[in-house]
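Read the structure below first, then the notes.
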Amino acid sequence: MADPHIAVIEDLSFAYDRRPVLHGIGLKIPRGKVVAVMGQSGCGKTTLLRIIAAALMPTRGRARVLGRDTGTLDRDGLYALRRRMGMLFQFGALFTDMSVFDNVAFQMREHTNLPEDAIRDLVLLKLEAVGLRGAAQRMPGELSGGMARRVALARAIALDPQLILYDEPFTGLDPIALGVIARLVRQLNDSLGATSIIVTHDVAETLPLVDYVYFMAEGRVIAEGTADQVRRSGVAFVEQFVSGAIDGPVPFHYPAAGYEADLGFAAGA
Amino acid sequence: MLVALRAALIRLGAAVTVGVWRLGYGARFFVYLIVHSGTAFRRFRLTMREIYFAGVLSLIIILVSGLFVGMVLALQGYETLQRYGSSEALGVLVALSLVRELGPVVAGLLFASRAGSAITAEIGLMKATEQLSAMEMMAVDPVARVVAPRFWGGVISMPVLAALFSAMGIFGGYLVGVVLIGVDEGAFWSQMQAAVDVRNDILNGVIKSVVFGVAVTLIAVFEGYDAPPTAEGVSGATTRTVVTSSLAILALDFVLTALMFTGGA
Amino acid sequence: MNRSAIDLWVGVFVAIGLGALLFLALKVGNLASFSTAQTYQVEARFSNIGGLKVRAPVKSAGVVVGRVAQIRFDNESYEAVAVLTVDSSYKFPRDTSAKILTSGLLGEQYIGLEAGADARMLAGGERMRITQSAVVLENLISQFFFNKAAEGGDAKSAK
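Residue numbers (numbering that gives the first Met the number 0), protein chains in the order written: chain A, 0 to 268; chain B, 0 to 264; chain C, 0 to 158.
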């Protein structure tokens, strides 16, 4: 395809009811890269991911994903688009009533007419890729958090998607599991020839991993570039975020009236 | 005073608006569910699984309750009937009460608390843990894949359970009436057969149980699907399922009874 | 729980469910004795049917032989017309009489057939000539009081 970008977002705004979340966002996701969207909790990055996944429609502006304008798609077009995407949810979202094997086989059974032994080979291939072929017959409840995340990853890539979306893939993992997932994200992206978008606030793990970073705050993109460019961007918020300082442009204190006034000293004095 | 009245009116208005909104939303959900039920029948194995969970696993409670209800009916009925010297009519009393009313209603109430709440909790938890969103992201409609099989599984199970409840109840009535108390066995069955009509009583009972099955399971899947994706949300939805579907069963039972057993018959 | 176990259980479940329905239909209800059996219809006219209802039993010598299929009012004779569906295996002479009776003191009303002696049998669509209407409690009571009053009057005049 001629278009070097797998997803393009132009001047996009979004509001839940009347509460605005995103303001005039613009981003371009180049084909074959791993791109991170970073920011504080509540800055609208998960909303952005849902718009790219076409689970939400922009209030204003356009989102072109895999060559389709998400706003113009009907249900069938939407489902056709989603078959070319994979998504890893924050806590994996494995189907708890199915075994690991059936979880990974789910999309193959729903969307293809492959015979059961072909599905078996494919599932084992995907599980091997995340190192969990031995756990195929376990139930999700019997897995550790990191293993569950890896199964979910195997499930997300079951149909060899062109675009893989990650919603906070590192949350709640121990350092070893975290390292495994981070390495897998990169590996799978390159071996599948896919493009990955990671939404996260986990700076330390993400920056070494990704090709390009967008920083968001209060529904706007405030910085972008490669990891090094972002580190040296000079934007105060980014510096605070990367270094994890307590105070800075993002204040420690939630906006409030003067402390003394709240305690009733000001009036008496 | 005026302010309090105003506040009360606002509360009333809000409650009515929310109620009507939910009713409309529920109705649209129902239509959507029916339209997207193809999968539940094309891949009947999915529905089979739900019949297992809603129906087979409710068997024990239904059979035991049916037996006891029938036994109690026979004891109480005998006390009353023998005063008028017509204890042979015990079979009629037990059979008609069970087939027309208690079978569908009590089985429906038990079904609502045993299977309905489980359905709500299951779907609600799948929603809370983003399993439904994940399915949606995999281009699989969760209503077709998760909700519809559970709905039809419940709708199919309910009449079977009600019939089993009635049959078991009549057997319980027989045990107490004939075996224990000693009502004449021939009179017990023959009076019953003379009084119970297949179309008017048994078929109407089955129709009732089908209607209750639709109502309970619809409420259960809707509450689950509509539950706020939090722990309190799911537990609240589960409670609402039991309360709403119990009320729905009793109200529908009144309406159906009025339609079935008063006109002309 | 594997697939074949679920299939087995669902199979058992549905089978015993159908069994229960069959039990209800055959042993509890009366599917076997009616609905599928051949029937014929006869008419009976009554000046008053009291509380007779459609689907009330038609009995002869205490045995249920049919049911009331329809009740209507005849505009010309000002009588009630009851159409009875009788099981074909039961034949009655043409001069059979139909009475509206009550089971017990306050029970349901039914039609009792009392066989006559005619050589010819009733056929479908025919009318029973001899009928006896329902006993209406109010009439009975007023008759009783009327008689009492009459007796009282006689006693007075005899004095």
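Using N, Cα and C, we set each Cβ at its ideal position, and we do this for glycine too.
Interface partners of residue i on chain A, CB under 7 Å
i, result
"B/VAL205", "What B/VAL205 touches in chain A: nothing, since even the nearest Cβ is about 31 Å away."
Closer than 9 Å at the beta carbon, the chain B residues around residue i
i, result
"A/MET138", "Under the 9 Å cutoff, chain B gives no residues; its nearest Cβ is about 14 Å from A/MET138."
"A/MET86", "SER132, ALA133, MET136 and MET137"
"C/VAL57", "None at all; the shortest Cβ gap to chain B is about 12 Å."
Whole-angstrom distance between residue j and residue i, CA atom to CA atom
i, j, result
"A/ILE28", "B/GLY12", "49 Å"
"C/GLU150", "B/ASN199", "50 Å"
"C/ALA97", "B/ALA106", "43 Å"
"C/LEU99", "C/VAL85", "In the sequence under discussion, the amino acid at residue 99 of chain C is Ile, which differs from the Leu named in the question. C-alpha separation (whole angstroms): 16 Å."
"B/ALA143", "A/TYR213", "37 Å"
"B/PRO158", "B/VAL205", "6 Å"
"A/LEU123", "A/ARG132", "6 Å"
"A/GLY247", "A/ARG82", "43 Å"
"A/LEU48", "B/ARG44", "35 Å"
"B/VAL175", "B/SER86", "13 Å"
"B/PHE150", "B/VAL139", "17 Å"
"A/ASP196", "A/LEU162", "The residue you asked about is not Asp; residue 196 of chain A is Ile in the sequence shown. Whole-angstrom Cα-Cα distance: 8 Å."
"B/ALA193", "C/GLN108", "14 Å"
"A/LEU56", "A/LEU164", "In the sequence as presented, Leu is not what sits at residue 56 of chain A; that position holds Met. In a straight line, the C-alpha of A/MET56 is about 17 Å away from that of A/LEU164."
"B/THR229", "A/GLY144", "20 Å"
"B/THR16", "B/VAL71", "44 Å"
"B/GLU267", "B/PHE170", "Examination of residue 267 of chain B is not possible in this model, given that chain B is present from 0 through 264 alone."
"B/ILE9", "B/THR261", "41 Å"
"A/MET97", "A/PRO139", "8 Å"
"A/ARG119", "A/THR71", "37 Å"
"B/ARG5", "A/SER40", "40 Å"
"A/LEU121", "A/MET146", "19 Å"
"B/ALA26", "B/VAL242", "19 Å"
"A/GLU9", "A/PRO168", "26 Å"
"B/ASP252", "C/ALA24", "22 Å"
"C/SER102", "B/VAL197", "22 Å"
"A/LEU21", "A/ILE51", "13 Å"
"C/GLY123", "B/MET259", "30 Å"
"B/ALA264", "C/TRP8", "For B/ALA264, the pLDDT reaches just 42, beneath the cut-off of 50, and the residue's location in the model is therefore unreliable, although a value from the coordinates is still provided. Their Cα atoms are separated by approximately 39 Å."
Check whether residue i and residue j have beta carbons under 8 Å apart
i, j, result
"C/PHE22", "B/ALA166", "yes"
"B/SER156", "B/GLY54", "yes"
"C/ALA79", "C/PHE45", "yes"
"C/SER132", "C/ASN74", "no"
"A/PHE105", "A/PHE94", "yes"
"B/ALA94", "C/VAL62", "no"
"C/LEU167", "C/VAL53", "Outside the shown range of chain C (0 to 158) lies residue 167 of chain C, about which nothing can therefore be said."
"B/ALA226", "B/ALA236", "yes"
"B/GLU184", "B/VAL177", "yes"
"B/GLY69", "B/PHE187", "no"
"A/LEU158", "A/ARG185", "no"
"C/GLY115", "C/THR95", "yes"
"B/ILE122", "B/VAL145", "yes"
"A/ALA6", "A/THR205", "no"
"B/PHE164", "B/GLY102", "yes"
"A/LEU11", "A/GLY66", "no"
"B/PRO148", "B/ALA39", "yes"
"A/GLY218", "A/CYS42", "yes"
"C/VAL57", "C/GLY65", "yes"
"B/VAL118", "B/THR46", "A small correction: the amino acid at residue 118 of chain B is Ile; Val does not occupy that position in the sequence shown. Contact flag unset, no."
Partners in chain A for residue i, counting only beta-carbon separations shorter than 8 Å
i, result
"B/THR128", "PHE90, ALA92 and THR95"
Contact list for residue i against chain B, beta-carbon separation under 7 Å
i, result
"A/ARG82", "ALA138"
"C/PHE63", "A small fix is needed here, since residue 63 of chain C is Val in this sequence, not Phe. Neighbours of C/VAL63 on chain B, chain order: ALA193."
"A/TYR78", "ALA138"
"C/ALA24", "VAL197 and ILE201"
Chain C residues whose Cβ lies nearer than 7 Å to that of residue i
i, result
"B/TYR51", "ILE5, TRP8 and VAL9"
Neighbouring residues, chain C, relative to residue i (Cβ below 8 Å)
i, result
"B/VAL182", "Here the premise fails: no neighbours, minimum Cβ distance about 16 Å."
"B/MET70", "Result: empty, since nearest Cβ-Cβ is about 16 Å, beyond 8 Å."
Chain C contact residues for residue i, given Cβ-Cβ distances below 9 Å
i, result
"B/VAL98", "LEU23, VAL27 and GLY28"
message: Using a Cβ-Cβ cutoff of 7 Å, what residues of the segment 153–186 of chain A are near chain B? List them in chain order.
response: Cβ contacts with chain B come from no residue of the segment 153–186 of chain A.
field: Residues from the segment 101–129 of chain A in contact with chain B, defined by Cβ distance under 8 Å
entry: Residues PHE105, GLN106, GLU109 and HIS110.
query: Using a Cβ cut-off of 7 Å, which residues of the segment 3–21 of chain C contact any Cβ in chain B, in chain order?
result: Only those residues of the segment 3–21 of chain C whose C-beta falls short of 7 Å from the nearest C-beta of chain B are listed: ILE5, ASP6, TRP8, VAL9, PHE12, VAL13, ILE15, GLY16, ALA19 and LEU20.
message: Please list, in chain order, the residues of the segment 231–261 of chain B that have any C-beta partner in chain A closer than 7 Å.
response: For the segment 231–261 of chain B, there are no residues whose beta carbon sits under 7 Å from a beta carbon of chain A.
query: What residues in the segment 146–173 of chain B bring their beta carbon closer than 7 Å to a beta carbon of chain C?
result: Those would be VAL159, ALA162, LEU163, SER165, ALA166 and ILE169, in chain order.
- prompt: Along the chain, which unbroken stretches of the beta strand (DSSP E) at least 3 residues long are found entirely within the segment 12–61 of chain A?
  reply: DSSP runs (the beta strand (DSSP E)) wholly in the segment 12–61 of chain A: 18–29 and 33–38.
- prompt: For the segment 199–263 of chain A, which segments carrying the alpha helix (DSSP H) assignment without a break, of at least 4 residues, lie completely within its bounds, in sequence order?
  reply: Listed in chain order, they are 202–205, 226–230, 235–242 and 258–262.
query: Whole beta strand (DSSP E) runs in the segment 36–102 of chain C with 3 or more residues, listed along the chain?
result: Within the segment 36–102 of chain C, the complete beta strand (DSSP E) runs of at least 3 residues are 38–45, 56–59, 62–73, 78–86 and 96–101.
- prompt: When you check each C-beta in the segment 51–69 of chain A against every C-beta of chain B, which residues fall closer than 8 Å?
  reply: Residues passing the 8 Å Cβ filter: ALA52 and ALA54.
query: Where are the alpha helix (DSSP H) runs, 4 residues long or more, that stay fully inside the segment 90–168 of chain B, in chain order?
result: Counting whole runs of 4 or more residues, the segment 90–168 of chain B contains the alpha helix (DSSP H) stretches 102–110, 116–127 and 130–136.
message: In chain order, what are the residue ranges of uninterrupted alpha helix (DSSP H) at least 4 long that sit wholly in the segment 11–86 of chain B?
response: Complete alpha helix (DSSP H) runs here, min 4: 37–41, 43–53 and 58–82.
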